[in-house]
DNA sequence: TGCGCGGAAAATGTCAGACAATTAAATGTA
DNA sequence: TACATTTAATTGTCTGACATTTTCCGCGCA
């Protein structure tokens, strides 16, 4: 008595999709309780383990949260910026690493987006943002810092810049671009010379943001983009030569 | 009191995390096969259903795919741009709708990012992009078009603009910003007058991109951003007045 | 020898039922 | 009333079984 000829044969995915659509389309609102697993099971005519697999899929996307005990159950979850950041960064990082995205492509995307934030950051930055930028510049100038720490500090610096725009949506979108670049940046060996150059540009950028000079920030960001690009290309070349 | 583990009591989440980390850190490569469910179960000392819940979590994030039959199993999946787009758009849309993001905030983010693409699009756009933009402009000028269709066409137009930059990473990041705005845009009623204005600006933008005039594209995008903002604010005001 | 066919084997997909753990509400008691 | 206890609802986990899908291998046959 197969109702449909082709059995997609992944009931939990179908059920997850049905519930997900209900949430996305607003038919279920935040903090609304889903039926219990047993009720869902009978509603969809499947067993409880199958329902549970579906719910775990949704939980993995932070669409629901569950609570044990009486009057517990699964509830539609308010997606927080923090969780969205996390998911976005994970996805972006994997996308880049698994699709052999060229350094140039990622670098171009990152700086193009960052430059979009600069004018807003120049306008709205608060002392916190400036302090973070200065602190990271100071860290980056420390001798003996590992390449990895240098990169991590670079990310923090740039995120402070982005956050300076005071637009959480922008920060969210940018987080993916900035953080996902880190694995690619980590392949670069930062010489003393190149660190000095980068610190100088960072300082110029921080100065510009502090002075609310959008134009100067943009010019220096552009220069930093160009410089990063050459560093990346050098690293790629060295890597290519070594492997042949 | 409980020392380190504060009631772990979510084995499938822990197992999913362990496997996810292995994938993200590159300890498992694309198309590599995971141990079978039974093997994972004994490895983690849990039952098969628990392992399955963990695997479904990973499947929900497009980190693995499964294949039935002998020599089937779970395999690390290459995250495609299409799937990443989809996840990003879903997350972005929910983030905006669930956190009551202000129209101004989303609008600002979207146009800031889009303007970042414009110079690249002016440089690299191909006939396909131009054709799509022209076609959508034409559609937007049709009388009797529903507001919803007008918005959908707007999204297509802007995605063509973004894709014109020829940078898939940029397109990926922007997809979230552009698509997630749509529900907010859908709250606007587009009068004949405002549609005309938008079509004019779209035409000016398409002209600029075609002429590879980055400056003109930027100016018109800025104007479009400002105009969209006023439309949105009007809609919000009307809505507020109605509810009081 | 070569080729197709059919079964064995390995894996995921699904189900049923049970028990453990947790938690809020209802109930009982001083 | 205030506090302790029971109870019921619900998720978390386990065991075991069967269904389904897919590949591989060997057998029979030309």
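Residue numbers (my numbering), protein chains in the order written: chain A, -13 to 230; chain B, -13 to 230.
The beta carbon of each residue, even a glycine, is placed where N, CA and C say it ideally should be.
Could you tell me whether the Cβ of residue i comes closer than 8 Å to any Cβ of chain B?
i                     : result
residue 73 (chain A)  : yes
residue -8 (chain A)  : At residue -8 (chain A), the pLDDT of 44 sits below 50, so the modelled position is not reliable; the number obtained from the coordinates is stated separately. No, residue -8 (chain A) lies away from the interface with chain B (no Cβ there is under 8 Å from its Cβ).
residue 4 (chain A)   : no
residue 84 (chain A)  : yes
residue 224 (chain A) : no
residue 70 (chain A)  : yes
residue -12 (chain A) : Its pLDDT being 31, under 50, residue -12 (chain A) is placed unreliably in this model, and the coordinates cannot settle the point.
residue 42 (chain A)  : yes
residue 158 (chain A) : yes
residue -2 (chain A)  : yes
residue 32 (chain A)  : no
residue 145 (chain A) : no
residue 64 (chain A)  : yes
residue 99 (chain A)  : yes
residue 59 (chain A)  : no
residue 80 (chain A)  : yes
residue 234 (chain A) : Past the boundaries of the shown model lies residue 234 (chain A); chain A is included only from -13 to 230, so the question cannot be answered.
Report, in whole angstroms, the separation of the C-beta atoms of residue i and residue j, which I expect to be a contact under 8 Å.
i                     : j                     : result
residue 34 (chain B)  : residue 24 (chain B)  : 6 Å
residue 99 (chain B)  : residue 99 (chain A)  : 6 Å
residue 184 (chain A) : residue 128 (chain A) : About 13 Å; that fails the 8 Å criterion.
residue 101 (chain A) : residue 102 (chain B) : 6 Å
residue 119 (chain A) : residue 192 (chain A) : 4 Å
residue 210 (chain A) : residue 187 (chain A) : 4 Å
residue 163 (chain B) : residue 115 (chain B) : So it is not a contact: roughly 18 Å between Cβ atoms.
residue 174 (chain A) : residue 221 (chain A) : 5 Å
If you drop the 5 nearest sequence neighbours on each side, which residues of the same chain put their C-beta closer than 7 Å to that of residue i?
i                     : result
residue 111 (chain B) : 150 and 195
residue -11 (chain B) : The predicted position of residue -11 (chain B) is uncertain, since its pLDDT is 32 and thus under 50; a value taken from the coordinates is nonetheless stated next. Cβ within range, chain order: n/a, list empty.
residue 46 (chain A)  : none
residue 67 (chain B)  : 154 and 158
residue 207 (chain A) : 97, 100, 101, 104 and 191
Is there at least one Cβ from chain A nearer than 8 Å to residue i's Cβ?
i                     : result
residue 51 (chain B)  : no
residue 142 (chain B) : no
residue 137 (chain B) : no
residue 182 (chain B) : no
residue 10 (chain B)  : yes
residue 153 (chain B) : yes
residue 87 (chain B)  : yes
residue 47 (chain B)  : yes
residue 35 (chain B)  : yes
residue 39 (chain B)  : yes
residue 214 (chain B) : no
residue 211 (chain B) : no
Quick one: what's got a C-beta closer than 8 Å to residue i's C-beta in the same chain, skipping five residues either side?
i                     : result
residue -13 (chain B) : The pLDDT assigned to residue -13 (chain B) is 33, lower than 50, so where the model puts this residue is not dependable, and the model offers no usable value.
residue 189 (chain B) : 123
residue 200 (chain A) : 104, 105, 108, 109 and 194
residue 136 (chain B) : 126, 176 and 181
residue -1 (chain B)  : 40 and 43
residue 29 (chain A)  : 21
residue 276 (chain A) : There is no way to answer for residue 276 (chain A), as the model of chain A reaches only from -13 to 230.
residue 70 (chain A)  : 48 and 158
residue 58 (chain A)  : 52
residue 133 (chain A) : 172, 174, 175 and 176
Tell me which same chain residues have a C-beta within less than 6 Å of the C-beta of residue i, skipping the five on either side of it?
i                     : result
residue 65 (chain B)  : 48
residue 43 (chain B)  : 2
residue 160 (chain B) : 99 and 148
residue 90 (chain B)  : none
residue 26 (chain B)  : 37
residue 32 (chain B)  : -3
residue -9 (chain A)  : No answer about residue -9 (chain A) holds up, because its pLDDT of 40 lies below 50 and its placement is not dependable.
residue 202 (chain A) : 194
residue 166 (chain B) : 78, 79 and 82
Is any non-hydrogen atom of the ligand GTP found closer than 7 Å to the C-beta of residue i, if you look at the structure I gave you?
i                     : result
residue 204 (chain B) : Absence of the ligand GTP is noted for the structure shown, with no ligands found whatsoever.
Three-pair Cβ contact test at 8 Å for the region 156 to 171 of chain B versus the region 179 to 193 of chain B
Touching, no, given that fewer than three Cβ pairs across the two stretches are closer than 8 Å.
Would you check if there are 3 or more beta carbon pairs closer than 8 Å linking the region 218 to 230 of chain B to the region 106 to 119 of chain B?
Contact between the region 218 to 230 of chain B and the region 106 to 119 of chain B is absent, because fewer than three Cβ pairs lie under 8 Å.
Those runs of the beta strand (DSSP E) which lie wholly inside the region 44 to 105 of chain B and span at least 3 residues
Here the runs fully enclosed are 50 to 53 and 59 to 62.
Counting pairs of Cβ atoms below 8 Å between the region 84 to 100 of chain A and the region 140 to 156 of chain B, do you hit three or more?
With the cut-off at 8 Å, the region 84 to 100 of chain A and the region 140 to 156 of chain B touch.
Say whether the region 0 to 8 of chain B touches the region 0 to 12 of chain A, bearing in mind that this needs 3 or more beta-carbon pairs closer than 8 Å, one atom from each stretch.
Between the region 0 to 8 of chain B and the region 0 to 12 of chain A, the count of Cβ pairs shorter than 8 Å is below three; the stretches do not touch.
Count the C-beta pairs between the region 128 to 144 of chain B and the region 61 to 77 of chain A that are closer than 8 Å, then say yes if the count reaches three, no if not.
Result no; under three Cβ-Cβ pairs closer than 8 Å.
Contiguous alpha helix (DSSP H) assignments of at least 4 residues, all confined to the region 154 to 209 of chain B:
If one requires a minimum length of 4 residues, the alpha helix (DSSP H) runs lying completely within the region 154 to 209 of chain B are 154 to 171 and 178 to 196, in chain order.
Using a Cβ distance threshold of 8 Å, determine whether the region 14 to 29 of chain B contacts the region 48 to 64 of chain B, with at least three qualifying pairs required.
At 8 Å Cβ cutoff, the stretches touch.
Ignoring anything shorter than 3 residues or poking outside the region -5 to 25 of chain A, list the beta strand (DSSP E) runs there in chain order.
Entirely contained in the region -5 to 25 of chain A, not one beta strand (DSSP E) run reaches 3 residues.
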